[in-house]
Amino acid sequence: MSILMNDSTRVIVQGITGRIGSAQTHWMLEYGTRVVGGVTPGKGGTTVEGVPVFDSVLEAVKQTGANASVFFVPAAFVLDAFLETIDAGVKLIVIVPEHIPVKDVLKMRSYAMEKGVFALGPTTPGILVPGMGKMGIMPASLFAPGRVGIISRSGTLSYEFAGILSESNVGQSTVVGMGADPVVLRNLADILELFENDKDTDAVIVVGEVGGEQEEKAAGFIARQMSKPVAAYIAGRYSPQGKKMGHAGAIVRGSAGTHAGKHEALRAAGVEVLESPIDVAKWAKKHKLK
Amino acid sequence: MRLHEYEALDIFEQNRIPVPRRELVSDMHDALHAAGEIGYPVIIKAQVLVGGRGLAGGIKTASNPDELREAADALFNSEVKGMPVRKALLCQKVDIARELYLGMTVDGYSGKPVIVVSTEGGVLIEETAKTSPEKIAAIHIEPSFGYYPYQARSLLRMLGLEQKLITPWSEIIGQLYHIATRYEALIAEINPLVVLSNGALMAVDAVLEVDDSALSRIRFPLPDRVDRIENPLERRGREIGVTYVDLDGDIGLISSGAGLGMASMDIIGQKMKPANFLETGGGITADLLYRCMELIMMKPDLRGIFINVYGGINPIHEGAKGVIRYIEEHNVKIPVVAKALGNRQEETWEIFKSGGVHVVTEAATEKAVEVLYKLVGPSGKSDTGKPKTRAKRA
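In order, the protein sequence lines correspond to chains Z and E. The numbering of the first sequence is this note's numbering, which starts it at 68 and goes up by one. The numbering of the second sequence is this note's numbering, which starts it at 449 and goes up by one.
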């Protein structure tokens, strides 16, 4: 029925007592998400939006049976809180905050991989399963239940694609923001694999952008392992050339990163490349998606 | 934040990487004086934050005061890739037997730092990577364990180097890794790392780019990052906390999110030309969008404004209040089109409409841009209807 989240997902909100954490807890609850607790060290014993707040992740997990966590923790404290969350046994973590130092992200990613934790972000809008729940900040009004999966590097563009599909009466199985940072906690191909194995997803849209080599690497996975139709859009055709990480980056990545290079790699893998976001409606119609 | 070469060389020197004798100069008089102290021949290098500086004429050699006068005069009265030359680094010209390459960055896909070395340093290093991959070697560092000296030694052995080069070079790799760690560098690079005629190694260039997200916790003195943005509009963007990129079109853009902003540019670019890229990130308030309006309106020839925002983490109804406050206070006459969807969208639409903003309620940016296009027509024409600079396409 969905990837990553399902009806046994019990969510805690870290940083729940902050301005954004509490506002987003309200929206998550309103959408039907099972938010079972929140964590802010020093604020244990209080409640936010009727949700009990704990001083530590371990306590929250013990008291509520939580198995997933969404972060609204200030960037400087994310690494510490992330390690705490993994040590408390949580297996699905969504890191919404932006501006987390890359050095911290490298450590987070390494520890999550080692412990078999599925983490998304940083700078992600999170996960939304239409009609069931969401972990993160996606605005619910744009989404509708259906059978198309969306993976996006950009948060706002994931809303755009879902919105265009919903207006065309095409729903989504799960919408996943992988995070907009140069280093993210999970690569695109890992999320594609979940959609390929999900019996309630018929096709997948990849919303990428210039820079990095996620789309190029994913193209290899799609060519080898995906049976479901995949469409892709790459933002940034007219963008001034982004960071290429010096000569070392160019050497390690070869020609990866450019708009043209991404189009070429995706087309070679049999992906239908969309020139403009609105083309996704035609693509969905062509494949009779719902 | 990219540091200037002179700043990076100072940091390298403090961390025991050999660097040339040098002095920062800001005019010809300074340059001649410095060259007198350092001794001819010298190299004068423009301190501008662009890549490919040498090929663009930003580096010149002088073997006597007359040559230096000419070189400095040319340099200080020129732009390198559009950047004015305010400062130059006057360096001792060393005797080079061989040019090597050493660079470090973060490999986003594997999530690990990577160290790259080559026996063929210099401006054509990226070409070498394609044509002679055997002259390049790279090694990834495990973030949880960090760097150990054997990794540098085995990396250099992969290039088939002799031991008398491996020992000093691996020490420099260790020092550069140490710098990259302490300064949270996204790029640390020495190109070229030269072998002098006496066999010693020296870094004659230095690149260091610090992670902006880490600036507040780096315990070493760093220059102010806003100061060094040359473009005044881009500097203003940084001051108010948004990402602004100055472009040469006439349609102002405000978007909440980099991907959405890039897609908006692409769609505007199909029939019109964006005047800027502006991305607010997740911190929209009424005041922020007021200041964004102020910023994009600094360009005098704007013909229309497109606002493309989503209410996920952002309170777009607050943002709308800031936009209409600006429109009312400054009596904005050019068309403003807004697509604003998400949490509290209906309230947002009402606020926008009250200020005369054209509101689009469909998700596709193409449809909103079409509304704007109908109001303003194609870009690239001046007020008199004549094409600006670009020739008409057949």
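Even glycine gets a Cβ: it sits at the ideal position worked out from N, Cα and C. Bear in mind the structure is a predicted one, so any value in this text is a computation, not a measurement.
Contacts of residue i in chain E (Cβ-Cβ under 9 Å)
i, result
"Z:P249", "V554, G556, L634"
"Z:V102", "The premise fails here: Z:V102 is roughly 17 Å from chain E at the closest Cβ pair, so nothing lies under 9 Å."
"Z:A142", "S661"
Neighbour list for residue i in chain E, Cβ cutoff strictly below 7 Å
i, result
"Z:E116", "None at all; the shortest Cβ gap to chain E is about 15 Å."
"Z:R176", "G559"
"Z:E276", "G707, M710"
"Z:N254", "Y557"
"Z:E234", "E810, A811"
Interface flag, residue i vs chain Z, CB-CB below 8 Å
i, result
"E:G833", "Confidence in E:G833 is poor, its pLDDT being 34 and thus under 50, which makes the residue's placement unreliable; the coordinate value appears in the next sentence. So no, E:G833 is outside the interface."
"E:S592", "yes"
"E:R841", "Residue placement at E:R841 is flagged as unreliable, the pLDDT there being 35, under the threshold of 50; a coordinate-derived value is accordingly withheld."
"E:T837", "Note that E:T837 scores 36 on pLDDT, short of 50, meaning its location in the model is unreliable and no value can be drawn from it."
"E:L843", "Missing from the structure shown is residue 843 of chain E; chain E here goes from 449 to 842 and no further."
"E:A586", "yes"
"E:V652", "no"
"E:I414", "Nothing in the structure corresponds to residue 414 of chain E, since chain E is present only between 449 and 842."
"E:I761", "yes"
"E:V785", "no"
"E:E453", "no"
Residue-chain proximity (residue i, chain E), Cβ-Cβ < 8 Å
i, result
"Z:H330", "no"
"Z:M205", "yes"
"Z:Y305", "yes"
"Z:A133", "no"
"Z:V169", "yes"
"Z:A327", "no"
"Z:I231", "yes"
"Z:L173", "yes"
"Z:E126", "no"
Closer than 9 Å at the beta carbon, the chain Z residues around residue i
i, result
"E:Q793", "P206, S208"
"E:M713", "A302, G303, R304, Y305, S306"
"E:G730", "I87, V163, P164, E165, T190, I204, G222"
Where residue i meets chain Z, residues with beta-carbon distance less than 7 Å
i, result
"E:Y758", "P206, T223, Y226"
"E:T862", "What is shown of chain E runs 449 to 842, which leaves residue 862 of chain E out entirely."
Neighbouring residues, chain Z, relative to residue i (Cβ below 8 Å)
i, result
"E:G717", "R304, Y305"
"E:A734", "Here the premise fails: no neighbours, minimum Cβ distance about 15 Å."
"E:V562", "A315, V319"
Residue i CB to nearest heavy atom of the ligand ADP below 7 Å
i, result
"E:S802", "The ligand ADP is not part of this structure, which contains no ligands at all."
Contact list for residue i against chain E, beta-carbon separation under 8 Å
i, result
"Z:E263", "Under the 8 Å cutoff, chain E gives no residues; its nearest Cβ is about 20 Å from Z:E263."
Neighbour flag for residue i against chain B, beta carbons, 8 Å
i, result
"Z:P108", "Protein chains Z and E are contained in the structure displayed, whereas chain B is not."
Which runs of the alpha helix (DSSP H), 4 residues or longer, sit entirely within the segment 494–572 of chain E?
-> Counting only runs of 4 or more, we get 513–524.
Which of the residues in the segment 697–711 of chain E, read from start to end, lie with their CB under 9 Å from any CB of chain Z?
-> With the criterion set as a beta carbon lying under 9 Å from some beta carbon of chain Z, the members of the segment 697–711 of chain E are S703, S704, G705, A706, G707, L708, G709, M710, A711, in sequence order.
Give a yes or no on contact between the segment 545–555 of chain E and the segment 564–572 of chain E, applying the rule of three or more CB pairs nearer than 8 Å.
-> Counting Cβ pairs under 8 Å, three or more are found: they touch.
Of all the residues that make up the segment 335–352 of chain Z, which are near chain E by a beta-carbon distance shorter than 7 Å?
-> Cβ contacts with chain E come from S343, P344, I345.
Chain-ordered residues of the segment 617–650 of chain E with a beta carbon less than 7 Å from chain Z = From the segment 617–650 of chain E, only E632, L634, I635, E637, N639 have a Cβ closer than 7 Å to chain Z.
Residue ranges of each beta strand (DSSP E) within the segment 176–231 of chain Z, 3 or longer = Runs found: 185–187, 193–196, 200–203, 212–219.
Which residue spans inside the segment 665–726 of chain E form an unbroken beta strand (DSSP E) run of at least 3?
-> The segment 665–726 of chain E contains these whole beta strand (DSSP E) runs: 691–694, 699–703.
Counting Cβ pairs closer than 8 Å, one from the segment 664–676 of chain E and one from the segment 501–511 of chain E, do we hit at least three?
-> Touching, no.
Taking Cβ-Cβ distances below 8 Å as the criterion, which residues of the segment 279–293 of chain Z are in contact with chain E?
-> Residues G279, E280, Q281, K284.
Give, in chain order, every residue of the segment 671–699 of chain E whose Cβ lies closer than 9 Å to some Cβ of chain Z.
-> For the segment 671–699 of chain E, the set of positions with a beta-carbon nearer than 9 Å to some beta-carbon of chain Z reads V693, L695 in chain order.
With contact counted as at least three CB pairs below 8 Å, one residue from each stretch, are the segment 229–246 of chain Z and the segment 191–202 of chain Z in contact?
-> Counting C-beta pairs closer than 8 Å gives three or more between the segment 229–246 of chain Z and the segment 191–202 of chain Z, which meets the contact rule.
Three or more C-beta pairs closer than 8 Å, one from the segment 95–107 of chain Z and one from the segment 79–86 of chain Z: is that the case here?
-> The segment 95–107 of chain Z is in contact with the segment 79–86 of chain Z.
Evaluate contact between the segment 324–340 of chain Z and the segment 291–308 of chain Z, counting only Cβ atoms and requiring at least three cross-stretch pairs below 8 Å.
-> Here the segment 324–340 of chain Z lies against the segment 291–308 of chain Z, with 3 or more beta-carbon pairs under 8 Å apart.
Inter-stretch contact at 8 Å, needing at least 3 Cβ pairs: the segment 275–283 of chain Z / the segment 700–711 of chain E = At 8 Å Cβ cutoff, the stretches touch.
Stretch pair the segment 768–776 of chain E + the segment 211–230 of chain Z: three plus CB contacts closer than 8 Å | Not touching, per the Cβ criterion.
Start-end ranges of the alpha helix (DSSP H) lying completely within the segment 777–822 of chain E, minimum 4 residues = List check, alpha helix (DSSP H) in window: 793–802.
Determine contact between the segment 687–695 of chain E and the segment 149–157 of chain Z, defined as no fewer than three beta-carbon pairs at a distance below 8 Å.
-> Short answer: they don't touch.
Start-end ranges of the beta strand (DSSP E) lying completely within the segment 128–157 of chain Z, minimum 3 residues = As far as the segment 128–157 of chain Z is concerned, its whole beta strand (DSSP E) runs of at least 3 residues are 135–138.
At least 3 beta-carbon pairs within less than 8 Å: the segment 533–540 of chain E vs the segment 595–614 of chain E | Contact annotation: the segment 533–540 of chain E does not touch the segment 595–614 of chain E, with fewer than three C-beta pairs closer than 8 Å.
Does the segment 84–93 of chain Z come within contact of the segment 110–122 of chain Z, defined as at least 3 CB pairs closer than 8 Å?
-> Between the segment 84–93 of chain Z and the segment 110–122 of chain Z there are three or more inter-stretch CB-CB distances shorter than 8 Å, so the stretches are counted as touching.
Within the chosen definition, does the segment 452–462 of chain E reach the segment 514–530 of chain E through at least 3 CB pairs nearer than 8 Å?
-> By the Cβ criterion, the segment 452–462 of chain E is not in contact with the segment 514–530 of chain E, since fewer than three pairs of Cβ atoms, one from each stretch, lie closer than 8 Å.
If you pair each beta-carbon of the segment 681–689 of chain E with each one of the segment 471–481 of chain E, do three or more pairs fall below 8 Å?
-> The segment 681–689 of chain E is not in contact with the segment 471–481 of chain E.
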